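Residue numbers (my numbering): 2 to 186. So the structure is just underneath, and the comments pick up after that.
Here's what the structure looks like:
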């Protein structure tokens with residue numbers, strides 16, 4: 002039998018502490034239209050919404066929208082590599098797998114839970130949008146919050162997965178802006 006890693010022990014303890022909250026959130030949103038709203042937010046958060054925003058940036062911000070759209074694309078690809086590496090290394094099962102009482106309301110894109118890639122991307126892009134077009138960023142903020150909430154509501158993530166995704170995504174968006182700000186001028 003292989004030894005249990007420190008990450009596995011940590012997640013096992015965290016899972017036990019978070020399961021009641023996950024179950025409460027998951028069960029509290031059983032009203033079909035609300036659950037449908039979160040399914041839609043999750044589906045758009047798969048990337049479709051962000052692809053549209055990136056494609057519209059050169060039109061909405063003619064002066065610097067194109068380089069910013071390219072930076073968002075590059076940063077988004079970096080986010081994808083980061084969260085996939087973390088999920089592969091840390092291996093935290095999704096709540097609905099570990100606790101069958103939690104209803105999985107939509108199929109996941111991959112097997113593991115930590116961190117939330119949807120939230121990571123949403124917060125990364127949200128952070129970046131505040132730098133170039135605050136008015137658009139404020140308009141998109143409810144969508145970003147809906148994507149993050151949808152991950153727990155739909156039984157796909159623990160709250161700490163979402164918090165970690167937000168922290169990593171916000172940091173990556175901010176770091177990308179800091180490193181490449183001269184390119185956007």
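Ideal placement from N, C-alpha and C gives every residue a C-beta, glycine not left out. Just so you know, these numbers come straight off a predicted model, no measurement behind them.
Find the nearest neighbour of residue i within the set the options, judged by alpha-carbon distance.
| i | options | result |
| --- | --- | --- |
| residue 104 | 55, 152, 49 | 152 |
| residue 80 | 63, 120, 70, 54 | 120 |
| residue 84 | 130, 116, 24, 160 | 116 |
| residue 1 | 118, 61, 100, 64 | No answer is possible for residue 1: the residues shown for the chain start at 2 and end at 186. |
| residue 6 | 45, 90, 99, 181 | 90 |
| residue 73 | 63, 54, 35 | 54 |
What do you get for residue i, buried or exposed, if any count of 16 or more other CB atoms within 10 angstroms of its CB means buried?
| i | result |
| --- | --- |
| residue 177 | buried |
| residue 184 | exposed |
| residue 51 | buried |
| residue 109 | buried |
| residue 75 | exposed |
| residue 179 | exposed |
| residue 56 | exposed |
Using a Cβ-Cβ cutoff of less than 6 Å, which residues in the same chain neighbour residue i once the five nearest sequence positions on both sides are dropped?
| i | result |
| --- | --- |
| residue 66 | 58, 59 |
Near residue i, which residues of its chain fall below 7 Å by C-beta distance, leaving aside the five closest residues on each side in sequence?
| i | result |
| --- | --- |
| residue 149 | 120, 123, 163, 167 |
| residue 127 | 138, 141, 142, 145 |
| residue 175 | 128 |
For residue i, which residues in the same chain have their Cβ closer than 8 Å to its Cβ, ignoring the five residues on either side in sequence?
| i | result |
| --- | --- |
| residue 39 | 30, 106, 147, 150, 151, 154, 155 |
| residue 114 | 88, 93, 94, 95, 96, 157, 158, 159, 162 |
Using a Cβ-Cβ distance under 8 Å, would residue i count as near chain D?
| i | result |
| --- | --- |
| residue 103 | Of the protein chains in the structure, only one exists, and it is not chain D. |
Beta strand (DSSP E) runs contained entirely in the segment 138–181, provided each spans 3 or more residues: none
Would you call the segment 132–146 in contact with the segment 86–96, where contact means no fewer than 3 C-beta pairs closer than 8 Å? no
Which runs of the alpha helix (DSSP H) fall wholly inside the segment 70–151 and span at least 4 residues, in chain order? 96–99, 118–133
Please list the segments of the beta strand (DSSP E) lying wholly inside the segment 6–69, counting only runs of 3 or more residues, in order along the chain. none
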